[in-house]
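The block underneath contains the structure these notes are about, expressed in structure tokens.
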Amino acid sequence: MLILGIIALIIGIIGSILPVLPGPSAAWFSLLLLHWTDYADFSSGFLITTAVLAILTIGLDYLIPGWGSRHFGGSKMGEKGALVGTFAGLLLGPFGIILGPFVGAFLGEMLYDRREVTRALRAAWGSFVGFLAGTGIKLILCLVFAWYFVMAVLG
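Reminder that position 16 of the sequence shown reads as 40 in this note's numbering, one-by-one numbering, no gaps.
Next up, the structure:
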């Protein structure tokens, strides 16, 4: 179980950066696997709290690009476009996941007002910044899970 936990943790950390791999969920699974060994006896409250954090982080990862678009001056159409682009990007692999929110926000803004290309580009940039922020949040959470994992193993 320890080896499987280490593998899940590595997948989680890499997955927080590479969109094709599950990040926080794999890192959380590593804590659960470690709990089933003699190395750690995490409380139910700890496991539930960390599971909720992993789920919230996954959800935020889909919403933050839209919020970024809105924060950078985009309209509701740009925000919705970023969300649609995020989901559409899932079907197109790693580059689609990275570019999906950007393209979605841009197209949403262009549907809203075709004359405002600069605004559409700002909104698209905001969605990309939001994507990077979501990636950072996932990475931080996975590193926190890794810290708990290592501290439990080292005793």
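Heads up, the beta-carbon is just placed ideally off N, CA and C, and yes, glycines get one too.
Who are the Cβ neighbours of residue i in its own chain at under 6 Å, not counting the five residues just before and after it?
| i | result |
| --- | --- |
| E103 | G90, S93 and R94 |
| V44 | P118 |
Residues in the same chain with beta-carbon distance under 7 Å from residue i, minus the five sequence neighbours each way, listed in chain order, please.
| i | result |
| --- | --- |
| K100 | none |
By the 10 Å Cβ neighbour count, where 16 or more other Cβ atoms means buried, how is residue i classified, buried or exposed?
| i | result |
| --- | --- |
| W171 | exposed |
| F111 | exposed |
| D85 | buried |
| R146 | buried |
To the nearest angstrom, report how far apart residue i and residue j are at their CA atoms.
| i | j | result |
| --- | --- | --- |
| S67 | V127 | 44 Å |
| R143 | G36 | 36 Å |
| L116 | L123 | 10 Å |
| T159 | H59 | 27 Å |
| G39 | L135 | 33 Å |
Please tell me whether, using a cut-off of 7 Å, the distance from the CB of residue i to the nearest non-hydrogen atom of the ligand SAM is below it.
| i | result |
| --- | --- |
| I37 | For the ligand SAM, the structure offers nothing, since it holds no ligand at all. |
Between which residues of its own chain and residue i is the CB-CB distance below 8 Å, once the five residues before and five after are set aside?
| i | result |
| --- | --- |
| L80 | none |
| W149 | F96 and F126 |
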